[in-house]
Structures are given as structure tokens and as C-alpha cells.
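One gets my numbering by counting positions in the sequence shown from 1 and adding 88 to each.
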Amino acid sequence: MNGHCLCGAVSLRSPDSRAIGACHCGFCRRWGGGPLLAVHCGPDVQFEGSENITVYASSDWAQRAFCSQCGTHLYYKLLATGEYFVPAGVFESAEFDLASQIYVDKKPGYYSFANQTPMLTEQQVIDQFSSPGGETTA
89 MNGHCLCGAV SLRSPDSRAI GACHCGFCRR WGGGPLLAVH CGPDVQFEGS ENITVYASSD
149 WAQRAFCSQC GTHLYYKLLA TGEYFVPAGV FESAEFDLAS QIYVDKKPGY YSFANQTPML
209 TEQQVIDQFS SPGGETTA
């Protein structure tokens with residue numbers, strides 16, 4: 089899949105994936121003004137224009153990055169695995185399905201998705217990360 093930031097200074101290519109995960113945690117909502125709707129792209133994401141990428145260490149286990157020219161959010165990256173979660177709007181395609189939601193106990197009451205998806209609380213996400221072989225959704 090191909091994508092780019094708003095101004096075109098950064099472009100990316102990732103393996104094909106059609107599932108979006110929604111994260112309702114406070115960090116994601118503060119970062120983007122709403123839930124993060126991201127595609128789990130795995131570790132094999134290639135970037136062009138990397139000199140325009142600013143990386144912020146948002147926690148001990150993850151980084152967030154944005155285009156230094158236009159501010160477009162480019163990814164959330166897990167440091168332990170190198171996996172990228174890329175906001176769905178960065179991609180040229182809009183053919184995605186909302187597949188999961190995490191931190192649902194942190195979601196404010198002012199919005200709600202009609203999609204029926206698996207929903208994990210903060211504790212369930214933490215348990216999944218701490219379990220051997222645990223995978224993430226967004």
C-alpha cells in the first residue's frame with residue numbers, strides 16, 4: 089500500500105492490510121484530537137523523505153512520528169517489535185474495515201462507533217502485551 093503526508097514531503101510503502109484498529113487511549117486522543125484509526129502494517133514499512141520525519145518518544149515502549157513540514161501524523165511504532173501502526177488517512181486507499189477497538193474504558197462519551205468490533209479495555213491490552221507472544225491491534 090502507498091501513502092503520503094499532506095504536503096507530499098514524506099511517502100511510504102507498506103505491506104497490504106485492510107484492518108483498522110481504533111485506539112481510544114488518552115495519548116492517542118491528545119495526539120490527534122480523537123481516536124487513532126490505524127492500520128497495523130508490521131515492521132516492513134519503507135519511507136521516502138525521511139529527513140522530513142520528526143520522531144517523538146511518547147513512552148518507554150513506543151515512538152510517534154510526524155512530517156516536520158506539514159504535521160501529518162505518520163506512525164505509532166512499538167520499539168520491542170519494530171511494528172508500525174499507520175493512520176488510515178495517510179494511505180491512498182480508503183478500502184478498510186474497522187476490525188478492533190482498544191482502551192474502550194478510556195473512550196469519552198462524546199463519540200461512539202456503530203461498527204461491531206472486538207473491544208479491549210486498558211487492562212486487557214496490558215495483559216496482552218505482557219503475555220508471551222501477545223499481539224497488538226492498534
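Yeah, the Cβ is synthetic: ideal placement off N, Cα and C, and Gly gets one too.
Query, Result
"Boundaries (first-last residue) of the beta strand (DSSP E) holding residue 215", "Segment 210-218 is the alpha helix (DSSP H) holding residue 215; no beta strand (DSSP E) there."
"C-alpha distance - residue 159 paired with residue 114, whole-angstrom precision", "19 Å"
"Segment limits, beta strand (DSSP E) that includes residue 111", "107-111"
"Burial state of residue 189 (16 or more Cβ within 10 Å)", "buried"
"Among 202, 96, 176, 129, the one whose alpha carbon lies nearest that of residue 170", "129"
"Residue span of the alpha helix (DSSP H) that contains residue 129, given as start and end", "Not the alpha helix (DSSP H): residue 129 falls in the beta strand (DSSP E), residues 124-130."
"Close Cβ partners of residue 222 (< 7 Å) along its chain, the five nearest in sequence each way excluded", "Bear in mind that a pLDDT of 49 at residue 222, under 50, signals an unreliable position, so the model cannot answer this."
"Spatial distance of residue 200 from residue 181 (CA atoms)", "24 Å"
"Stretch pair the region 120-134 + the region 90-107: three plus CB contacts closer than 8 Å", "yes"
"Nearest-angstrom beta carbon gap, residue 140 and residue 151 [assumed within contact, 8 Å]", "16 Å between Cβ atoms; not a contact."
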